[in-house]
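Chains as they are written, first to last, in the working numbering: chain A, 1 to 199; chain B, 1001 to 1199.
Where a beta carbon is used, it is the ideal one built from N, C-alpha and C, also for glycine.
Predicted model, so just to flag it, every value in this text is computed and none were measured.
The block underneath contains the structure these notes are about, expressed in structure tokens.
Number of protein chains: 2
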Amino acid sequence: MLATFFATLDAVIPLDPSVKASIGQLTQPLHVPRHTLLLQEGQVCRSLYFIGQGLVRAYRQQADGREITTWFAAEQELFTSGYSFISRAPSRETIEVLEDVTGFCISQQALTDLYEQHPVVDRLGRRLTEHYYFQLEELFASQITLSATERYERLISTAPGLLQRVSLGHIASYLGMTQETLSRIRARPIRPSGPTRSS
Amino acid sequence: MLATFFATLDAVIPLDPSVKASIGQLTQPLHVPRHTLLLQEGQVCRSLYFIGQGLVRAYRQQADGREITTWFAAEQELFTSGYSFISRAPSRETIEVLEDVTGFCISQQALTDLYEQHPVVDRLGRRLTEHYYFQLEELFASQITLSATERYERLISTAPGLLQRVSLGHIASYLGMTQETLSRIRARPIRPSGPTRSS
DNA sequence: CAGACTTTTTGACTTTAATCAAAAAAAGGC
DNA sequence: GCCTTTTTTTGATTAAAGTCAAAAAGTCTG
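Dropping the structure here:
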């Protein structure tokens, strides 16, 4: 439903009905089944997507064939292959649908039109980009400063539902460790997380 | 000189003279000596800076007292403590002047005024944020996928001058390794970077 | 529900980089 | 220029996570 899409955007910056009308006109409904590759490495990402229902991930294929998951996106989230979409350059990442997706998409051209028609969309884009920047900044900091175990614990607290929906292999590569390491971390007894008195 | 500042902005998006006039009015000249802390952890970052001459770094202090350098900025670059500046929240990073800086700064309020006066500044901000996002994305990918040696080699090719200007301790924490590890990497014989025939 | 395929776990071993400690080299201040 | 302070290097050892291999558990599908 478009309403949830608008609600998500309104939370970033309240939009006039005229802006919403334009967005509504330029937005296409989207229905893609599991296992679909919405974008393959080397292609230019021509759309910005909004997920009403479902789950996707992006990954980069390394020279040795290994896949590194770079992000996940689920309900009420926007996604695209950022650099490719903005710069019209071939993408270095592949976008894979992990759970059937229903939602909306906006083409590059449609977004360009929106930018020209409504200056507030530039502000919306700025706010969203800022938001994603700060999120990435924290993720990066955690990668530099935390151990494998701490990164796993951080994921549990920032995205508790994800573990139940995504295979451990994908999670492990997202956390910058091997599947075996993640499996061993999970097998370890839970460490006490604070002073607990058992009288 | 303001001209180099405008040239940097013009490279992102060409600005009308009226916009430049507003920017010029709201911009303060900046002169800070080496060792100055432009921002300390816990303070709100109230300015966006442009460097005409000089070099700064940002770092986070970890619980164990260790400093992790999160970025460097030098000539013709903008910097601020992003999240703090945008959200008016206490900064988690400290900004330290490594080489005397001359440049300009714009206050939060001035930037807000600019956004209201000239919609094109929203677009400028969006483009700049996008640019920094993609840069961070690549840095993050390199952290996940590359070995310590490869990360060092990447830095040499992406920022060749930095090594001559910054201490190894700062570089090492920026690259996510210890100073000792970086020192050992540098001491190692240069590995052949391609097939070379010695007839 | 049986077999095939995929995912997760476990084990033994290796590699990479961190840690702790100290020496050597370089930079700064008087 | 000399002494102090900081930075960088070197050495020995440890810890963390990766690798390779195989077993176990879980899923999908006809």
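Legend entry - Within chain B, partners of A141(A) - CB distance below 9 angstroms: Here the neighbours are R1060, I1068, T1070 and R1092.
Legend entry - Per-residue burial, S1157(B) [other beta carbons within 10 Å of its own, 16 or more giving buried]: It counts as exposed.
Legend entry - Nearest residue (CA-CA) to L37(A), options I13(A), S183(A), T145(A) and S81(A): Measuring from the Cα of L37(A), the nearest candidate turns out to be S81(A).
Inset, instruction - Report yes if the CB atom of F1104(B) is closer than 7 angstroms to the CB atom of F1006(B), and no otherwise. - result: It is not a contact, given that the beta carbons lie outside the stated cut-off.
Inset, instruction - Output yes or no for whether 7 angstroms exceeds the beta carbon distance between V44(A) and V97(A). - result: Result no, Cβ atoms of V44(A) and V97(A) do not sit closer than 7 angstroms.
Inset, instruction - Could you round the C-beta distance between R1127(B) and I1051(B) to whole angstroms and report it? I think they count as a contact, below 8 angstroms. - result: About 19 angstroms; that fails the 8 angstroms criterion.
Inset, instruction - Indicate whether the contact test is met: 3 or more Cβ pairs, each with one atom in the segment 1014 to 1034 of chain B and one in the segment 1067 to 1074 of chain B, closer than 8 angstroms. - result: Below 8 angstroms, too few C-beta pairs join the segment 1014 to 1034 of chain B and the segment 1067 to 1074 of chain B to call them touching: fewer than three.
Inset, instruction - State whether the segment 58 to 67 of chain A contacts the segment 110 to 118 of chain A, with contact taken as three or more CB pairs (one from each stretch) at a distance under 8 angstroms. - result: They do not touch, by the three-pair rule.
Inset, instruction - Have a look at S167(A), Y152(A) and I86(A) and flag the residue whose alpha-carbon is nearest the alpha-carbon of I185(A). - result: Closest by C-alpha distance to I185(A), out of S167(A), Y152(A) and I86(A), is Y152(A).
Legend entry - Cβ-based burial, A1021(B) [other Cβ within 10 Å; buried from 16]: Flag for A1021(B) reads exposed.
Legend entry - Against chain A: residues of the segment 1121 to 1145 of chain B by CB proximity under 8 angstroms: Within the segment 1121 to 1145 of chain B, the qualifying residues are D1122, R1123, G1125, R1126, T1129, E1130, Y1132, Y1133, F1134, L1136, E1137, L1139, F1140, A1141, Q1143, I1144 and T1145.
Inset, instruction - Starting from the beta carbon of G1082(B), find every residue of chain A whose beta carbon is closer than 9 angstroms, and list them in chain order. - result: Neighbours of G1082(B) on chain A, chain order: E130, Y133, F134 and E137.
Inset, instruction - Check distances from the C-beta atoms of the segment 97 to 124 of chain A to those of chain B and list, in chain order, the residues that come in under 7 angstroms. - result: Those would be P119, D122 and R123, in chain order.
Inset, instruction - Output yes or no for whether 7 angstroms exceeds the beta carbon distance between Y1133(B) and T129(A). - result: In this structure, T129(A) lies closer than 7 angstroms to Y1133(B) by Cβ.
Legend entry - Interface positions of the segment 1176 to 1188 of chain B facing chain A (Cβ-Cβ less than 9 angstroms), listed along the chain: Residues of the segment 1176 to 1188 of chain B with a C-beta less than 9 angstroms from any C-beta of chain A: G1176, listed in chain order.
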